[in-house]
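A short worksheet on the structure shown next.
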Amino acid sequence: MTYSGNIHKDLHINSYGSYLRRRFGLRVSKVNVDGGFTCPNRDGTKGTGGCIYCDNASFSPGGTQAVIPLEQQIREGMAYHRRRLRSEKFIIYFQKFTNTYASVEKLRDMYSRALVHPDVLGLSVGTRPDALGDDALCLLAELARNNYVCVELGLQSMDDDLLKWMNRGHGLAEYLKAVERVAGRGIDICTHLIYGFP
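At position 103 of the sequence shown the residue is numbered 183 (my numbering), and the sequence of numbers has no breaks.
Right, here's the structure in full:
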């Protein structure tokens, strides 16, 4: 098989990194940050204890903690990716917990602070399909007019019984509704799935 530029030449998949390189014409890295958000599946709104696999410390870089100022997290993350991957531009990734689960004023403040750096192309915002309110969605669409914006929806599985077993607090229907609401607003959509689950 010859490499056409549409897929990763070694993995034979359309990787996100390859997509970003095609879209922007240079190496782009995601810089993880912790905006200090929580989750409706932890605070009692939807449930308590979170999903059965929820241990953000296990997959988050050490320099991303809510007690570290956002601007410092961004600077340090960008420096790391410049050294390690020679990245030229960046997408700020609000990863931990539910990054639309706050007032629109807090969201605007956090997202705007992330976008001010000249080497930042945009945002990637991790959230739950059932925690993407109208105000947050309108804000993201507004930001997408001049910046790259991606909403990363945690689905994990399309099987409602498995979602219940995982203590997700939502089903496939909420995910499908969220995708319909995001579509057509100039926002990319990324879906998180757990490999091997139906």
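From the three backbone atoms N, C-alpha and C, an ideal C-beta is built for every residue, glycine too.
Query, Result
"Beta-carbon gap between T178 and A211 smaller than 8 Å", "yes"
"DSSP-derived helix/strand/coil call for F277", "coil"
"Reduced DSSP secondary structure (H/G/I, E/B, other) of E232", "strand"
"Start-end ranges of the alpha helix (DSSP H) lying completely within the region 106-180, minimum 4 residues", "150-165"
"Inter-stretch contact (C-beta, 8 Å, three-pair minimum) for the region 221-239 and the region 266-273", "yes"
"Limits of the unbroken alpha helix (DSSP H) element including G97", "Y96 to F104"
"Spatially closest choice to G124 from G116, K176 and R248, by CA coordinates", "R248"
"C-beta contact flag for P242 and G251 at 8 Å", "Here the sequence assigns Leu to residue 242, which means Pro is not the residue at that position. Taking 8 Å as the Cβ cut-off, L242 and G251 do not qualify as a contacting pair."
"Residues near L106 in its chain [Cβ-Cβ closer than 7 Å; skip 5 each side]", "E168 and K169"
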